[in-house]
Amino acid sequence: MTLRGDLVLIRDLINANARVLDLGCGTGDLLANLQTTKNVNGYGLDKDPANIQVCLSKGVNVIEQDLDTGLSNFADNNFNMVVMTDALQAVRDPRGLLREMLRIGEECVVTFPNFGHWRCRLQLGLGGQMPVSKHLPHDWFNTPNIHLCTTQDFERLCREENFRIIQRRVVNTQYTEHWSIQLAPNLFGSHAFYRLGRTA
Amino acid sequence: MTFPKNSVGLVTPQRYVCDTPLALQNGDTLDGYELVYETYGKLKADKSNALLICHALSGHHHAAGYHSEDDAKPGWWDACIGPGKAIDTDRFFVVSLNNLGGCHGSTGPRTLNPSTGKSHGPDFPNVVVKDWVNSQVALADHLGIKTLAAVVGGSLGGMQALQWAIDYPDRVKACVAIASAAKLSAQNIAFNEIARRAITSDQDFNEGRYFDAEKNPERGLGLARMIGHVTYLSDDGMGTKFGRDIKSGDFGSGADVEFQVESYLNYQGRAFTQYFDANTYLLMTKALDHFDPARETNGDLVEAFAPALCKFLVLSFSSDWRFSAERSQEIVDALVRAKKNVASAVIESEHGHDSFLLPIERYVAALGTFLNQSLAEHPNQADGEPI
C-alpha cells in the first residue's frame, strides 16, 4: 500500500527501532508502515471508533484517547518522536498540546494546512467567504478546524515557546515543493510540515 | 429443538483430576484437585490455536453452547463464543474452566474433604488470582498446550489474563482484559465488603458451616447479589429497563406498591441462592480485593508488566462505574510505559459493567478483529517451541 505524500516525508525522518506516538493516527497507515519497514514500537491515539477498528485489523497499537483530554498520562521523554498530522488546527489547545508533545517526545513532527495560502486569501479577501479547499473541505458551520493558522503564525508561536525548528517543508496539494513556494512559502504553500525539538 | 446456527451446540463438561500438589500463595498446599472444564472448536495438530477463557465472580466453565436439548439458555458468554463470533470457534480451540474454589464442579468449599468426610466449607483455602493461573497452567499442560494463542477474560477474568501475561510470558501470545482493573479501587472493595457482610451476618451462615447443616444463608447471599447487580448496571440502563414501572400495587388505593426494579432484584437475588455457594462468593470477592500485581514490584505497575511478551487488548465500557474506563486506562498507560504492544477501546454502552457479557456491535467487532489478527500473526508454531 502506498503512503500518503506527507506520511512518506515523516517516515523518512524516523529511525529504525524508534518509539513513536502518532496523535490522531486515523486508520493507522503510518504506524503499520513503520512497524513493517522500520521495526518501530509505535502507538497511535484516536477517538473515532471506525478508525480504531481499522487499526485493530492492521495489528496497530491503537489507543482510544481524545487529544483534547491532554497527554498527561504519558511519561516525560517516553518517545523518540511524537507525530501529529493535520490535527493541530482541530484541537482545543494547540499550544498546550505542542508543549506536551515536546515533553513526552524528544522531537515532534506537526503538519497542518496553511491558512496563508493564496487561495485562502483570495476566497476570504476578495470573495468575502470562508475558504473551502482540498485541505480545508468543510464549511464554516461544520468544520472541525477551530484553530487555523498560517506558517507565519506558527513560527511566531515556536519563537515564543522556544521550540527549535529543526526542519520545515512547505508543499503544495501534490506534496511537492514548487519553486514558487521556496520564494514565498506562506503564500504559495498549501500544507506545512515542521519538525520541532526543544531548545537546548 | 435445534440450536442456532452460530452456536457451538451441545457440549459436555469434562473433568481434569490433578494429582500434582499445588502450592498456594497463602502458604497452604492443595494435595490434589479437580477442575471441570469445557472445550469448543478443534485444537490444530500443532496446538497453536488454543484460547483460554477466564471467568468472573459468578461465572463457571459453561461459557457457550447447551448442555441438553431442553436448555432454555446457552452458556454465560454465548454472545461472544461460537462459529463466526468474536471468539471464533472455527479458528480457535476454546478452553473454559470453573476455577478452584468455585461451586460448579471444580474443587471448592462444597467439595468433600476426604480427611474429615465433610465439605471444606470455610476451611477451603483463600485462593487468589495467581493460584488460579497456576492451576490453569496445569490444565493447559494436561491438554498438551504449551502456548496459548490468547487468554481472554472480563472483570475478575481480565485480572487472570493479565496475571498470565506477567507470570507465564512465554506461554501466551495475546491477552485480552475486558472491563477489568490492575487493582480494585477503595469503592469497589467497599461494595465487596458490604456483600460479604450481608452473607456472614445471615443467621443461617453458621460461620460458613451451613452446607453440612443443610442450611443456606439465602437472605445474605441474595442480598449480596442484589447489591452486586445494582453496581453492574448503570443509572441510565436501569432507567431504560425499568423506569418507574410498577409491578403490583396502586398509589391511589394505598395497596403496597412494588416497582419493577424491586421485583427484578428480588428475583435475581433469590435465583442466585439456588445455584451459587456463599463461601465461594466470599472467596471470589476476596480474590478480587487482593489482586494487585504491582504489590510485588513496590507498587510499580510498569515494572510488574516488564516480563510480559504478548500483545494486549484492553476494553472498557463508557457506563461501567464498577470497573470504570479509568481503571482500564491505568492498565494501558502502564503497558505503554513498559513498551508492550497494546490496543484499547472504550465502548459506548449504557449497560454498565454487564456490557462485557452482551453482543454490543462495536465491542464484538473489536474483540474478534484483535483475536483473529493476532492469530494470523502467528499462523503456525511447532509444538513446544518457544515464541
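If you're matching them up, the sequences are chains W and L in order.
Oh and the first sequence: position 97 is 96 in numbering that gives the first Met the number 0, straight run, nothing missing.
Oh and the second sequence: position 291 is 290 in numbering that gives the first Met the number 0, straight run, nothing missing.
Don't be surprised by glycine CBs; every beta carbon is placed ideally from N, CA and C.
Whole-number beta carbon distance between residue j and residue i, since they are thought to touch under 8 angstroms
i, j, result
"threonine 38 of chain L", "phenylalanine 92 of chain L", "6 angstroms"
"alanine 365 of chain L", "leucine 55 of chain W", "6 angstroms"
"isoleucine 62 of chain W", "valine 331 of chain L", "6 angstroms"
"leucine 66 of chain W", "alanine 86 of chain W", "6 angstroms"
"proline 168 of chain L", "leucine 370 of chain L", "At roughly 19 angstroms, the Cβ-Cβ gap does not stay under 8 angstroms, so proline 168 of chain L and leucine 370 of chain L are not in contact."
"tyrosine 231 of chain L", "aspartate 353 of chain L", "5 angstroms"
"threonine 348 of chain L", "alanine 149 of chain L", "What sits at residue 348 of chain L in the sequence shown is serine, not threonine. So it is not a contact: roughly 23 angstroms between Cβ atoms."
"glycine 115 of chain W", "asparagine 185 of chain W", "4 angstroms"
"alanine 180 of chain L", "valine 171 of chain L", "Wrong, their Cβ atoms sit about 19 angstroms apart, outside the cutoff."
"glycine 107 of chain L", "threonine 279 of chain L", "6 angstroms"
"valine 175 of chain L", "alanine 286 of chain L", "In fact, because the Cβ distance is near 19 angstroms, the residues do not count as touching under 8 angstroms."
"threonine 175 of chain W", "serine 189 of chain W", "Not really, about 11 angstroms apart at Cβ, beyond 8 angstroms."
"asparagine 60 of chain W", "alanine 333 of chain L", "That belief does not hold up - the Cβ atoms of asparagine 60 of chain W and alanine 333 of chain L are roughly 14 angstroms apart, past 8 angstroms."
"phenylalanine 153 of chain W", "alanine 191 of chain W", "7 angstroms"
"arginine 194 of chain W", "leucine 12 of chain W", "6 angstroms"
"alanine 62 of chain L", "isoleucine 80 of chain L", "6 angstroms"
"glycine 25 of chain W", "leucine 44 of chain W", "That belief does not hold up - the Cβ atoms of glycine 25 of chain W and leucine 44 of chain W are roughly 10 angstroms apart, past 8 angstroms."
"leucine 21 of chain L", "leucine 34 of chain L", "Not really, about 11 angstroms apart at Cβ, beyond 8 angstroms."
Proximity test, Cβ basis, 8 angstroms: residue i and chain L
i, result
"isoleucine 51 of chain W", "yes"
"tyrosine 204 of chain W", "No answer is possible for residue 204 of chain W: it lies beyond the span of chain W, which begins at 0 and ends at 199."
"glycine 25 of chain W", "no"
"isoleucine 13 of chain W", "no"
"valine 19 of chain W", "no"
"glycine 126 of chain W", "no"
"glycine 58 of chain W", "yes"
"leucine 281 of chain W", "Shown here, chain W extends from 0 to 199; a query on residue 281 of chain W therefore has no answer."
"leucine 55 of chain W", "yes"
"proline 48 of chain W", "yes"
"asparagine 16 of chain W", "no"
Within-8 angstroms CB hit, residue i to chain W
i, result
"glutamine 372 of chain L", "yes"
"arginine 90 of chain L", "no"
"valine 335 of chain L", "yes"
"histidine 377 of chain L", "no"
"glutamine 24 of chain L", "no"
"valine 175 of chain L", "no"
"aspartate 87 of chain L", "no"
"aspartate 169 of chain L", "no"
"aspartate 235 of chain L", "no"
"aspartate 332 of chain L", "yes"
"lysine 84 of chain L", "no"
"lysine 338 of chain L", "yes"
Cβ-heavy atom distance, residue i to the ligand ATP, below 7 angstroms
i, result
"asparagine 113 of chain W", "In the structure shown, the ligand ATP is absent, as is every other ligand, since no ligand is present at all."
Contacting positions in the region 340 to 370 of chain L - beta carbon closer than 7 angstroms to chain W: Asn340, Val341, Ala342, Ser343, Ala344, Val345, Arg361, Ala364, Ala365, Thr368 and Phe369
Would you call the region 66 to 84 of chain W and the region 108 to 117 of chain W in contact, with 3 or more CB pairs under 8 angstroms? yes
Interfacial residues, the region 74 to 85 of chain W to chain L, with Cβ spacing under 8 angstroms: Ala74 and Asn77
Count Cβ pairs between the region 117 to 127 of chain W and the region 1 to 19 of chain L that sit closer than 8 angstroms; are there 3 or more? no
Is it the case that the region 182 to 199 of chain L contacts the region 92 to 108 of chain L, given that we only count it when at least three CB pairs across the two stretches are under 8 angstroms? no
Count the C-beta pairs between the region 267 to 280 of chain L and the region 217 to 225 of chain L that are closer than 8 angstroms, then say yes if the count reaches three, no if not. yes
Ignoring anything shorter than 3 residues, give me the beta strand (DSSP E) runs that lie fully in the region 72 to 97 of chain W, in order along the chain. 78 to 84
Quick one: complete alpha helix (DSSP H) runs, 4+ long, within the region 262 to 301 of chain L? 277 to 289
Going along the chain, which residues of the region 62 to 74 of chain W sit with their C-beta nearer than 9 angstroms to a C-beta in chain L? Ile62, Glu63, Gln64, Asn72, Phe73 and Ala74
Determine, using beta-carbon pairs with one atom in the region 198 to 212 of chain L and one in the region 115 to 129 of chain L, whether at least three such pairs fall under 8 angstroms. yes
Residues in the region 315 to 330 of chain L with C-beta within 7 angstroms of chain W's C-beta atoms, listed in sequence order? Gln328
When you compare the region 58 to 74 of chain L with the region 129 to 142 of chain L, are there three or more beta-carbon pairs, one atom per stretch, that lie closer than 8 angstroms? no
Going residue by residue through the region 225 to 254 of chain L, where are the continuous beta strand (DSSP E) segments of at least 3 residues, counting only ones entirely within it? 245 to 249
Jot down the residue ranges of each uninterrupted alpha helix (DSSP H) in the region 36 to 62 of chain W, minimum 4 residues, whole runs only, in chain order. 48 to 56
Between the region 142 to 159 of chain L and the region 46 to 54 of chain L, are three or more C-beta pairs nearer than 8 angstroms? yes
At least three beta-carbon pairs within less than 8 angstroms, the region 249 to 257 of chain L to the region 233 to 241 of chain L: no
Contact set between the region 122 to 139 of chain L and chain W, restricted to residues whose Cβ is under 7 angstroms from the partner: none
At which residue ranges does the region 142 to 205 of chain L contain complete alpha helix (DSSP H) runs of 4 or more residues, listed in the order of the chain? 155 to 166 and 185 to 199
Complete alpha helix (DSSP H) runs within the region 303 to 371 of chain L (minimum length 4 residues, chain order): 324 to 336
Within the region 77 to 122 of chain L, note down every full beta strand (DSSP E) run reaching 3 residues or more, in order along the chain. 92 to 96
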